[in-house]
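Written out below as structure tokens is the structure these notes cover.
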Amino acid sequence: MHKTPLLDQLESGPFPSFVKDLKRMAAKKPQVNDLLGQLERSYKEKITHWKHGGIVGVLGYGSGIIGRYSDLPDEFPGLEHFHTMRINQPSGWYYTSQALRELCDIWDEHGSGVLNMHGATGDLIFLGTRTEELEPCFEKLTAKGWDIGGSGSAMRSPSCCLGMSRCEWSCYDTMEACYQLTQEFQFDLHRPSYPYKYKLKFSGCPNDCVAAVARADMSMIGVWKDDIKIDQAAVQAYAGGELKPEGGATVYDKLDIKADVTDLCPTLCMSWDGKTLKIDNANCNHCMHCINMMPKALKPGNERGCTILLGSHAPILEGAQMSWVIVPFMKMEEPFDELKDLTYKITEWWAEHGKNRERVGELIMRMGMRAFLEAVELPPVPQSVRTPRANPFFFWHQSDFDAEAAGRKYYTTK
Amino acid sequence: MALPKDELVEYIYKMVEAAAGKKQLKAKDIEKAVLKEHPDQPRNDVKFAIKELIDGGRCVYTYFGGSFIECPRVEGAAKH
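Which chain is which? The protein sequence lines are A and B, in order.
Letter by letter, the first sequence follows residues 71 to 484 in the numbering used here.
Letter by letter, the second sequence follows residues 2 to 81 in the numbering used here.
The following block contains the structure:
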């Protein structure tokens, strides 16, 4: 075993350490011992010893295998090749225990046995195998019904929250949408033809449990169009302490509806007079705070679908960006043709104009939202304004306030 | 004039072969080059011609800060 005094310190803290897990694996997998040795050396020298990328893959696919090599193969021969395989996860990350056993058996036979459940895109990550093991491993996986996921300049494996399978707030069937889009874009998932990565994430409600708004190029976030449904008797029960706030997931026994709910509403569209809760739904921005606090009293409305946002990414060519709205409301019904068509239009425009490693959000910043909207045939809508009510270059005059008071409309919807 | 399928596959292969060691081509670079010479070529033909080259092992996908289509070569680590 390599000596790892720096890594050993990580085992001393209160939380479970990956070092402990790796040491256990190292007892039966020599490459994991080398992995610990190289990591210890990187901690000492403060540089990585990994080389990334290259030409490895399985026949016919350009995605799903990420080449990794050590730059110290003589010292750590088990890391001469240490490729990553990304396995396309099931929608909502539901596995049977049998499926997990099968996956672990395959990886024990063909790789290091080290797994990551799951990577940032959502894939199940197999960490560490040799080039000659890739095809046999892929063959065993496909025989069990699995497929490898996306990597490189391709459509990445779409991912979703568990949606309607367990969550009453889900405004559409995220798992079905994720599955259908995964099937639709199989060609682009396995055969990289984009300027860079393109991630789709599906969240059932604005709580956005898969953090789509920050992590996906294209986020489908469930939303309702009509009014929040209120059960006034249940609101009274929360006020009286008969119902615990947040479904009991809090140390507080009783909700102060004014302090904890209405005063924290970001648009101040709620009021509570001690008897009745009122919501000015036209000004609600669907933040979910009130619904989260009083789940038995408030529910999303009946007219449900999703808001589509575009453009988030970590720093690549430009700094990090969050997504912004391009479609305020889309019905999400099988077979999701409207969403598929829009995705094709967006990826075609981006593939045509994008530079190497330029994400779609960066291209929109470079070419402008107007060019984007024209290309994908979307109407400009007020909801696309990234920071509404905060534009420092718009100067209001008294005549504007007077005209507004007299009933002037700033925009109309058809 | 649009190329028949077999000719298109060879046309693309020669393009990739000529670029070897000089320029790494992305799938979109290949599509644009084909459409420049043969504007009436359906885009899908190009997609499937590339697929045929990859499936047959005559070309491979590589990743060097982006995904490219290249002629197969020896893996660097195999030299150790």
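No residue lacks a Cβ here, since even glycine has one placed at the ideal position from N, Cα and C.
Keep in mind the model is a prediction, meaning the values are calculated, not measured.
Subject >> Buried versus exposed call for P450/A [16 or more other C-beta atoms within 10 Å across all chains shown] >> reply: Locating residue 450/A in the first sequence gives position 380, counting from the first residue. Burial call: exposed.
**OP:** Verify the CB distance criterion: does P129/A have a CB-CB separation below 8 Å to chain B?
**Re:** Stepping through the first sequence from its first residue, residue 129/A is reached at position 59. Here residue 129/A turns out to be Leu, not Pro, going by the sequence shown. Taking Cβ atoms only, chain B reaches closer than 8 Å to L129/A, which makes this a yes.
**OP:** Any chance you could list the alpha helix (DSSP H) runs of at least 4 consecutive residues sitting entirely within the segment 155-198 of chain A, in chain order?
**Re:** 167-180
**OP:** From the DSSP output, in three-state form, read off S469/A for me.
**Re:** Here residue 469/A is taken as the residue at index 399 of the first sequence, counted from 1. Reduced to three states, the DSSP call for S469/A is helix.
Original post:
Which residues mark the beginning and the end of the alpha helix (DSSP H) in which Y249/A is found?
Top reply: Residue numbering aside, residue 249/A sits at position 179 when the first sequence is read from its first letter. From DSSP, the alpha helix (DSSP H) with Y249/A extends over T244 to E254.
Original post:
So is R226/A in contact with chain B if we call contact Cβ pairs under 8 Å?
Top reply: Along the first sequence, one-based indexing puts residue 226/A at 156. Not closer than 8 Å to any Cβ of chain B, the Cβ of R226/A fails to qualify, so no.
Original post:
CB-CB under 8 Å to N277/A, same chain, minus the five flanking residues each way: which ones, in chain order?
Top reply: Mapped onto the first sequence, residue 277/A falls at position 207. Closer than 8 Å at the Cβ level, and outside the excluded window around N277/A, lie W239, M358 and N362.
**OP:** Determine whether the Cβ of R171/A lies closer than 8 Å to any Cβ atom of chain B.
**Re:** In the first sequence, counting from the first residue as 1, residue 171/A sits at position 101. False, the Cβ-Cβ gap to chain B never drops below 8 Å.
Original post:
Which same chain residues, not among the five before or five after M187/A, have their C-beta less than 7 Å away from its C-beta?
Top reply: As a first step, residue 187/A is located in the first sequence; it is residue number 117 there, counting from the start. Within the same chain, M187/A has close Cβ partners L194.
Original post:
What span of residues does the beta strand (DSSP E) with E71/B cover, start to end?
Top reply: Within the second sequence, the letter at position 70 stands for residue 71/B. It spans S68 to E71 - the beta strand (DSSP E) in which E71/B sits, taken as one unbroken run.
Original post:
If you measure beta-carbon to beta-carbon, which residues of the segment 414-427 of chain A are closer than 7 Å to chain B?
Top reply: A421, N426 and R427
Original post:
Does E81/A have its Cβ less than 8 Å from a Cβ in chain B?
Top reply: In the first sequence, residue 81/A corresponds to position 11, counting from 1. So, not an interface residue.
Subject >> Any alpha helix (DSSP H) of 4 or more consecutive residues that is wholly inside the segment 345-394 of chain A >> reply: 359-363
Original post:
Below 8 Å between beta carbons: does that hold for T199/A and S182/A?
Top reply: The residue labelled residue 199/A in the question sits at position 129 within the first sequence. The residue labelled residue 182/A in the question sits at position 112 within the first sequence. Against a cut-off of 8 Å, the Cβ pair of S182/A and T199/A comes out as a contact.
Subject >> Residue ranges of each alpha helix (DSSP H) within the segment 71-96 of chain A, 4 or longer >> reply: 75-79 and 88-96
Subject >> Neighbourhood of K6/B by C-beta distance below 6 Å, restricted to the same chain and skipping five residues each side >> reply: Locating residue 6/B in the second sequence gives position 5, counting from the first residue. Nothing listed; no residue qualifies.
**OP:** Name, going along the chain, the residues of the segment 256-268 of chain A whose beta-carbon falls closer than 9 Å to a beta-carbon of chain B.
**Re:** F257, R261, P262, S263, Y264, P265 and Y266
Subject >> Three-way DSSP call (helix, strand, coil) for A19/B in this model >> reply: Here residue 19/B refers to the residue found at position 18 when the second sequence is read from its first residue. Correct three-state label for A19/B: helix.
Subject >> Check whether Y264/A and A224/A have beta carbons under 8 Å apart >> reply: What you label residue 264/A is simply residue 194 of the first sequence in a count that begins at 1. What you label residue 224/A is simply residue 154 of the first sequence in a count that begins at 1. Taking 8 Å as the Cβ cut-off, Y264/A and A224/A qualify as a contacting pair.
**OP:** Note down, in chain order, each residue of its chain lying with its Cβ closer than 6 Å to the Cβ of D301/A, except the 5 sequence neighbours on either side.
**Re:** Counting from 1 along the first sequence, the entry for residue 301/A is found at position 231. Around D301/A: A367.
**OP:** Could you name the residues of the segment 57-69 of chain B whose beta carbon sits closer than 8 Å to any beta carbon of chain A, in the order they occur along the chain?
**Re:** G58, V61, Y62, T63, Y64, F65, G66, G67 and S68
**OP:** Would you kindly work out how many angstroms separate the C-alpha atoms of P493/A and P100/A, rounded to a whole number?
**Re:** Residue coverage of chain A in this structure runs from 71 to 484, which leaves residue 493/A outside it and unanswerable.
**OP:** Starting from the C-beta of T346/A, find all residues in its chain whose C-beta is less than 7 Å away, skip the five residues before and the five after it, and write them out in chain order.
**Re:** The residue given as residue 346/A occupies position 276 in the first sequence. So the qualifying residues of the chain are Q302.
Original post:
On the three-state DSSP scale, how would you describe W120/A?
Top reply: Start at 1 with the first residue of the first sequence, and residue 120/A comes out as number 50. Here W120/A sits in strand by DSSP.
**OP:** Kindly identify the DSSP beta-bridge partner or partners of F70/A.
**Re:** Only positions 71 to 484 of chain A appear in the structure, and residue 70/A is not among them; the question remains open.
Original post:
Got a sec: is the Cβ-Cβ distance from S182/A to anything in chain B below 8 Å?
Top reply: For the purposes of this step, residue 182/A is taken as residue 112 along the first sequence, with counting starting at 1. Taking Cβ atoms only, chain B never reaches closer than 8 Å to S182/A, which makes this a no.
Subject >> Interface partners of K29/B on chain A, CB under 7 Å >> reply: For the purposes of this step, residue 29/B is taken as the residue at position 28 of the second sequence. In chain order: S263 and A421.
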